[in-house]
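Residues in the sequence shown are numbered from 1296 upward in steps of one, following my numbering. To keep things clear, I will list the structure first and then write my remarks on it.
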Amino acid sequence: MPEMYVVVRWPDGVTQRCYSPSTVVADYFAAGAEYAVAEFVERSRTALGIAGERVRDKYGFLCTGASAELARIEQAAAAYARVDGATVTVEALVDADGRVR
1296 MPEMYVVVRW PDGVTQRCYS PSTVVADYFA AGAEYAVAEF VERSRTALGI
1346 AGERVRDKYG FLCTGASAEL ARIEQAAAAY ARVDGATVTV EALVDADGRV
1396 R
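In structure tokens form, the structure reads like this:
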């Protein structure tokens, strides 16, 4: 499966490289886009859920990497749950070979 990374900047300026086992995340995020924290988490949940299922369809088991990445995203997002107007910026979509989309 062609893995991909979504590089994001959290409201406090910290960047995080988020893993996906599938390029499906490119259907849910755009480089340069800003998302409310809750929307970012929901999009991540949907995209990584689909990505994990694609791995299951191909290999017969769910991708634990996708589940672990979602847990990291949810943990990071929890810090901003009470911050009005907090947004996450997608800085880049990066293919496994390092090519930036």
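All C-beta atoms in this analysis are idealised placements derived from N, C-alpha and C, irrespective of residue type, glycine included.
For Glu1364, does the count of other Cβ atoms within 10 angstroms reach 16, so buried, or fall short, so exposed? Position 69 of the sequence shown holds residue 1364. Glu1364 sits buried, since 16 or more C-beta atoms from the chains shown fall within 10 Å of its C-beta.
Beta-ladder partner(s) of Cys1358, from DSSP: By 1-based counting over the sequence shown, the position of residue 1358 is 63. Its beta-bridge partners do not exist; DSSP assigns none.
Any idea which residues DSSP pairs Leu1343 with across the strands? One-based indexing of the sequence shown puts residue 1343 at position 48. Answer by DSSP bridge pairing: none, since Leu1343 is not bridged.
In the structure shown, what three-state DSSP assignment does Ala1373 receive? For the purposes of this step, residue 1373 is identified with residue 78 of the sequence shown, where counting begins at 1. The answer is helix: DSSP assigns Ala1373 an H, G or I state.
Helix, strand or coil for Glu1298, going by three-state DSSP, please let me know. The residue given as residue 1298 occupies position 3 in the sequence shown. DSSP places Glu1298 in coil when its eight states are reduced to three.
Nearest to Phe1324 by CA position, among Gly1347, Arg1394 and Ala1342, is which residue? Here the question's residue 1324 lines up with position 29 in the sequence shown. The shortest C-alpha separation from Phe1324 is found at Ala1342.
Candidates Thr1382, Arg1394 and Val1319: closest to Arg1304 by CA position: Numbered from its first residue, the sequence shown carries residue 1304 at position 9. When only C-alpha atoms are compared, the closest one is Thr1382.
With distances taken between CB atoms, is the gap from Ala1333 to Glu1386 smaller than 8 Å? Here residue 1333 corresponds to residue number 38 of the sequence shown, with the count starting at 1. Here residue 1386 corresponds to residue number 91 of the sequence shown, with the count starting at 1. It is not a contact, given that the beta carbons lie outside the stated cut-off.
Compute the Euclidean distance between the alpha carbons of Val1350 and Ala1361, then round it to the nearest angstrom. Here residue 1350 is taken as the residue at index 55 of the sequence shown, counted from 1. Here residue 1361 is taken as the residue at index 66 of the sequence shown, counted from 1. Rounded to the nearest angstrom, the two C-alpha atoms are 10 Å apart.
What span of residues does the beta strand (DSSP E) with Ala1331 cover, start to end? As a position in the sequence shown, residue 1331 is number 36, starting the count at 1. Element bounds for Ala1331: Glu1329 to Ala1331.
Inter-residue Cα distance where the pair is Asp1307 and Ala1371: Stepping through the sequence shown from its first residue, residue 1307 is reached at position 12. Stepping through the sequence shown from its first residue, residue 1371 is reached at position 76. In a straight line, the C-alpha of Asp1307 is about 11 Å away from that of Ala1371.
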